[in-house]
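Protein chains in written order, with our numbering: chain A, 1 to 284; chain B, 1 to 293.
Cβ atoms here follow ideal geometry from the backbone N, Cα and C, with glycine treated the same way.
This report refers to the structure that appears directly beneath it.
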Amino acid sequence: MQTLRSRAAIEVLLAGFWYLTLSVFALILALPLVWLLSTSLKTGSQTFLMPPKWIPEPIVWSNYSEAFQAVAFHEYFWNTARIVIFATTGTLLTASLAAYAFARLRFPLREPLFLLVLSTIMLPSIVTLIPTFIVFRTLGWIDTFLPLIVPLWFGGGAFNIFLFRQFFMTIPLELDEAARIDGASNLRIYWGVILPLSKPVLATIAVFAFIHNWNDFFEPLIYLQSPENWTMAIGLRGFRGLYSTEWNLMMAASTAMIAPLLVLFFFAQRYFVSGIQMSGLTGR
Amino acid sequence: MLWTEARDGYLFILPWILGFIIFTAGPMLASLYISFTRWEMVTPSVWVGPAQYVKLFNDDRFWLSLYNTSYYVFIGVPLHLFMALLAALAVNLNLRGIRFFRTAYYVPSLTPVVANSILWVWIFHPNWGLANAFLQWIGLEGFYWLQDPRLAKPALIVMSFWSIGGQMVILLAGLKGIPVELYEAASIDGANWWGRFWRITLPLLTPALFFNLIIAIIGAFQVFTQAYIMTEGGPNYSTLFYLLYLFRAAFENFRMGYASAMAWVLFIIVLLFTILQFALSDRWVFYEGDLRR
């Protein structure tokens, strides 16, 4: 009896220790975001205080409207949205099409070609950048959205092909066979049987594609020059060039770029989780 | 029947094949060719043989950028992965409300790198930043994080710890995939916590660790945005990373031959490292299939 009770006591203590440790680290990781939000609501003079004040006094909501008036963030938002929509559509269509072939159809050289797909995941993109830039320049596509969209209509990224294939492998083959007996073509099976069953993976890849396009900095930096074509990421950098000492406005603008991602995360959390699990990255 | 299947197979992967030729294989060969020319965009290109590579290997700034990048890769990536592993183990604990901690540790890794960089310039501000406020609070002197050539690279590595969440969730998925029966069997055999970690958890997690290591090293070799936005390669070139130097050569000075030579050198370095890691992986990465062999 005595030992049972002391064992229970140890377990309570241990759980307490873990909660404390986990909370301390959660707090440390949360601090930068709290700091971001807090600064974004301060007056200019209150940002220059040491030790800093965590709760702004007064709370200056107008920092946000001021930041949005200073730079055309609504235009950048609209530009980013257009790139996201067209790039993601191309990704979903062509990556799933290729993945369907790799997962379901038998054709010569299938395995070596799929290995080639996998190996391009590990290719540093920098080695193709300069000639690609020159091709787009020759085509007159610099300062348009085309360099950010068109490549994704050609396979949609090796990693996405891999993710789609992983998911398609879990769909029973009998479904294809039943449809084939009914005389359905491969295209018909892909469109009418496989894709309707693949809504979770479509959503997952759409979410990740959105995040990628929203966050991407390097390619828009190279391809988009005039401010009316900027994305959010480039616009935020431009904003910093103009307001480099007005930390409250800069934090407001940064919050405006981060917030949509957090909202997306909280509404689409299960797609994040399934995407990570599905990728089967444990190597098994 | 089989013929139509093969035909459809190729038709379906046709967009990818075209993409591979147009956006991967073709440009790779083209950049190899350009690296043997002198070309400033406005003038016609001139074949110069290996001259760009000779110039590159005699360029102190090239070596400096390679050193800076190596520092970031070989100090930053292992530390980052180690912290991600600790975090994954912690949020794999069987506690009520653990999902909250998973979310809390993951969310910072979602922040876009541009917003992230601007936020951390403010955090590292020598007079009014959060980092120095914290140091003063515990009674230490503040640092000139991004203004001191000795501290700028470590500061960027510290900043990268904030986004361990991305690797953490992949490792967590790996931990979740370890069969519970193995732990039960080990407990019956009298293995303690440490023994179970060392003999079961770690070996079965090595494939996930290996994958993370490969991808993280390739990514870290191409670190760019933080240096471009936060330090502009300074102070005193201490954060002049490889890709930043390449970017300036290509898109500010329009030395396309030189930049292409840089791109190929980086490609070779990354390729050699990846091959080396795959070769060494036999010694430490454990696949379940190995048991059956």
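Residue i at chain B interface by Cβ criterion, 8 Å
i, result
"A70 (chain A)", "no"
"T243 (chain A)", "Note that residue 243 (chain A) is Tyr in the sequence shown, not Thr. No, Y243 (chain A) lies away from the interface with chain B (no Cβ there is under 8 Å from its Cβ)."
"R5 (chain A)", "no"
"V263 (chain A)", "no"
"Y285 (chain A)", "Outside the modelled stretch of chain A, which goes from 1 to 284, sits residue 285 (chain A), for which no answer is possible."
"W18 (chain A)", "yes"
"A117 (chain A)", "Residue identity check: residue 117 (chain A) is Val in the sequence provided, not Ala. True, the Cβ-Cβ gap to chain B drops below 8 Å."
"F154 (chain A)", "yes"
"W214 (chain A)", "yes"
"A9 (chain A)", "no"
"A30 (chain A)", "yes"
"T47 (chain A)", "yes"
"S40 (chain A)", "no"
"T132 (chain A)", "yes"
"N186 (chain A)", "yes"
"L139 (chain A)", "no"
Through-space distance from residue j to residue i, alpha-carbon basis
i, j, result
"H189 (chain A)", "D176 (chain A)", "Note on identity: in this sequence residue 189 (chain A) is Ile, with His being the wrong assignment. Looking at the two C-alpha atoms, the distance is approximately 6 Å."
"A17 (chain A)", "L27 (chain A)", "It is Phe, not Ala, that sits at residue 17 (chain A) in the sequence shown. Distance between the alpha carbons of F17 (chain A) and L27 (chain A): 15 Å."
"F272 (chain A)", "T43 (chain B)", "49 Å"
"V113 (chain B)", "A6 (chain B)", "43 Å"
"V265 (chain B)", "R255 (chain B)", "16 Å"
"F286 (chain B)", "G177 (chain B)", "14 Å"
"L224 (chain A)", "W194 (chain B)", "54 Å"
"S274 (chain A)", "T204 (chain A)", "7 Å"
"T24 (chain B)", "E57 (chain A)", "54 Å"
"G110 (chain B)", "Q269 (chain A)", "It is worth fixing the name first, because residue 110 (chain B) is Leu in this sequence and not Gly. Whole-angstrom Cα-Cα distance: 12 Å."
"G166 (chain B)", "G9 (chain B)", "34 Å"
"V91 (chain B)", "Y106 (chain B)", "10 Å"
"Q277 (chain B)", "W198 (chain B)", "22 Å"
"F273 (chain B)", "I55 (chain A)", "48 Å"
"S62 (chain A)", "A252 (chain A)", "10 Å"
"W81 (chain A)", "A256 (chain A)", "Here residue 81 (chain A) turns out to be Ala, not Trp, going by the sequence shown. Taking the straight line joining both Cα atoms gives about 15 Å."
"R284 (chain A)", "L205 (chain B)", "In this prediction, R284 (chain A) has a pLDDT of 37, which is less than 50 and means its spatial position is unreliable; what the coordinates show is noted afterwards. Looking at the two C-alpha atoms, the distance is approximately 10 Å."
Helix, strand or coil at residue i [DSSP, three-state]
i, result
"T89 (chain A)", "helix"
"V193 (chain A)", "helix"
"P245 (chain A)", "Here residue 245 (chain A) is Thr; the residue named in the question, Pro, does not match the sequence. Reduced to three states, the DSSP call for T245 (chain A) is coil."
"W214 (chain A)", "helix"
"V46 (chain B)", "strand"
"R283 (chain B)", "helix"
"S37 (chain B)", "Checking the sequence shown, residue 37 (chain B) turns out to be Thr, not Ser. Three-state result, T37 (chain B): strand."
"P200 (chain A)", "helix"
"R96 (chain B)", "coil"
"G233 (chain B)", "coil"
"F48 (chain A)", "coil"
"I55 (chain A)", "coil"
"H74 (chain A)", "helix"
Check whether residue i and residue j have beta carbons under 8 Å apart
i, j, result
"P32 (chain A)", "L86 (chain B)", "no"
"W128 (chain B)", "P52 (chain A)", "yes"
"I157 (chain B)", "I218 (chain B)", "no"
"S303 (chain B)", "S31 (chain B)", "There is no way to answer for residue 303 (chain B), as the model of chain B reaches only from 1 to 293."
"G49 (chain B)", "F36 (chain B)", "yes"
"M250 (chain A)", "R237 (chain A)", "no"
"Y228 (chain B)", "L244 (chain B)", "yes"
"V121 (chain B)", "L89 (chain B)", "no"
"I59 (chain A)", "L41 (chain A)", "yes"
"M168 (chain B)", "A249 (chain B)", "no"
"T239 (chain B)", "K153 (chain B)", "yes"
"Y100 (chain A)", "F168 (chain A)", "yes"
"L264 (chain A)", "F210 (chain A)", "yes"
CB contact check: residue i to chain A, cutoff 8 Å
i, result
"F20 (chain B)", "yes"
"Q222 (chain B)", "yes"
"F36 (chain B)", "no"
"T225 (chain B)", "yes"
"P203 (chain B)", "no"
"L15 (chain B)", "According to the sequence displayed, residue 15 (chain B) carries Pro and not Leu. It does: the Cβ of P15 (chain B) has a partner Cβ on chain A nearer than 8 Å."
"R292 (chain B)", "Note that R292 (chain B) scores a pLDDT of 44, beneath 50, so its modelled location is shaky and nothing firm can be said."
"F23 (chain B)", "yes"
"A6 (chain B)", "yes"
"M168 (chain B)", "no"
"L243 (chain B)", "yes"
Under 9 Å (Cβ pairs) to chain A, residues found in the stretch 119 to 138 of chain B
L119, W120, V121, W122, I123, H125, N127, W128, G129, L130, N132, A133, F134, Q136, W137
For the stretch 105 to 119 of chain B, which residues have a CB atom closer than 9 Å to at least one CB atom of chain A, in sequence order?
Y105, Y106, V107, P108, L110, T111, P112, V113, V114, A115, N116, S117, I118, L119
Going along the stretch 99 to 118 of chain A in order, which residues come within less than 8 Å of chain B, judged by CB to CB distance?
Y100, A101, F102, L105, R106, F107, P108, R110, L113, L116, V117
Relative to chain A, which residues along the stretch 174 to 189 of chain B have a C-beta separation below 8 Å, given in chain order?
G174, K176, G177
Under 7 Å (Cβ pairs) to chain A, residues found in the stretch 267 to 287 of chain B
F267, V270, T274, Y287
Give the residues from the stretch 74 to 99 of chain B that approach chain A closer than 7 Å (Cβ to any Cβ), ordered along the chain.
A90, L93, L95
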